Amino acid sequence: MTKLKTICFAVTTAALAGCAVMPRHYDDESSRALNLARAGGVYDQDLRDSPDGTRSHRKGLLVSALDLARLATSLDAPLRHLTGTQTLFFNATDIMMTPDNPSARPSLMGWMPESLAANEDDAYDHYVAVVDEAITQAAESMAINVTKLTDVKTPEIDGNPLMLWSVTVERYGCADSNCIIAYNIQQPNHWKTPSYVIGREAASYNIAANHPEKYSRLVFRQSGHERTFPVDEFYGAVSAGMPPWIVMYFPPNTVIQDGEPLPYPVLYEQGQQLMFREPDHE
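Going by this note's numbering, the letters in the sequence shown line up with residues 1 to 282, in that order.
Right under this line is the structure:
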């Protein structure tokens, strides 16, 4: 029996390394946010629902990793002396330094309908086009200026580059490349779509959040102490411009709202910010 359990654990671990857990039925006792996060690969037990959604992560296991990330983006003194290009790469390096725990890092999760792509490579290109269009639409809706940086070499994850956009908007203190949008799309896997994902097809090209390194992400970074950019509004606008089969997860202290980091995790679906709140308290 012990040997059988070991084999089952090994098989399960191998499966989780490549794609998200097998789609399950919707759990009526969990929030929609938690159902989507679990289906997308954020399966660790540090993330859970709480009565009001503000105590939905075991922060004690997260503090050191998140403090490191915040430190890297708040070194105002050295950043004041960097050129625009140096600041971009400082932030890009910070974005690459993410914890192994899926619930401790920002993640893009998606189930692109199989009919939209001929193969995994085609699906990757389509994901990139979808994210670029969503960023462009969000910028237009918020009246901010964004530029995709195509003439700089960026780090790669699993052979796919980190994409960078510069943001310029005076009223939010974004100038000289101190505000950037960065995203990376992992190579999609042929997979199955949960029945509760909106706009689904049974088969899809999945990008999941569970691999230690090969996961997709989209983040906004503003260097310096003054966090005046409405990050929550921007993430909502980007989500609204994405197809319904893409969601975005953010751990505690990574979304800035009204100048302060949200101390709890959130998930964006179709422009809506969802909290990990127990259904009985919604």
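Note that beta-carbon positions come from the ideal geometry of N, C-alpha and C, so glycine has one too.
Model, not experiment: these values are computed from the prediction.
9 Å Cβ cutoff met for residue i and residue j
i           : j           : result
residue 51  : residue 215 : no
residue 250 : residue 167 : no
residue 272 : residue 236 : yes
residue 209 : residue 42  : yes
residue 283 : residue 261 : Residue 283 lies beyond the residue range present for the chain, which begins at 1 and ends at 282; the question has no answer from this structure.
residue 227 : residue 207 : no
residue 218 : residue 238 : yes
residue 246 : residue 108 : yes
residue 277 : residue 33  : yes
residue 147 : residue 165 : yes
residue 106 : residue 248 : yes
residue 112 : residue 205 : yes
residue 49  : residue 30  : yes
residue 294 : residue 139 : The shown model of the chain, from 1 to 282, leaves out residue 294, and the question about it has no answer.
9 Å Cβ cutoff, residue i in contact with chain D
i           : result
residue 141 : Of the protein chains in the structure, only one exists, and it is not chain D.
For residue i, the residue or residues it bridges with in DSSP
i           : result
residue 111 : 206
residue 247 : 109, 269
residue 220 : 181
residue 163 : 183
residue 257 : 260
residue 277 : 50
residue 192 : 203
residue 168 : 145
residue 57  : 47
residue 156 : 161
Residue i versus residue j - alpha carbon distance
i           : j           : result
residue 121 : residue 280 : 42 Å
residue 61  : residue 55  : Because residue 61 sits at a pLDDT of 41, beneath the cut-off of 50, its placement in the model cannot be relied upon, and the following sentence gives the value as read from the coordinates. Taking the straight line from one Cα to the other gives about 13 Å.
residue 134 : residue 196 : 22 Å
residue 202 : residue 115 : 10 Å
residue 131 : residue 222 : 20 Å
residue 269 : residue 137 : 16 Å
residue 211 : residue 184 : 14 Å
residue 123 : residue 154 : 21 Å
residue 275 : residue 27  : 16 Å
residue 174 : residue 39  : 36 Å
residue 213 : residue 100 : 7 Å
residue 150 : residue 163 : 8 Å
residue 104 : residue 129 : 27 Å
residue 58  : residue 179 : 30 Å
residue 231 : residue 170 : 15 Å
residue 36  : residue 119 : 24 Å
residue 265 : residue 190 : 28 Å
Boundaries of the alpha helix (DSSP H) in which residue i is found, first to last residue
i           : result
residue 142 : 120–142
residue 146 : Not the alpha helix (DSSP H): residue 146 falls in the beta strand (DSSP E), residues 145–148.
residue 215 : Note, residue 215: premise wrong, no alpha helix (DSSP H); not H, not E.
residue 237 : 231–240
Beta strand (DSSP E) segment containing residue i, residue limits
i          : result
residue 35 : Premise fails: residue 35 lies in the alpha helix (DSSP H), 32–39, not in any beta strand (DSSP E).
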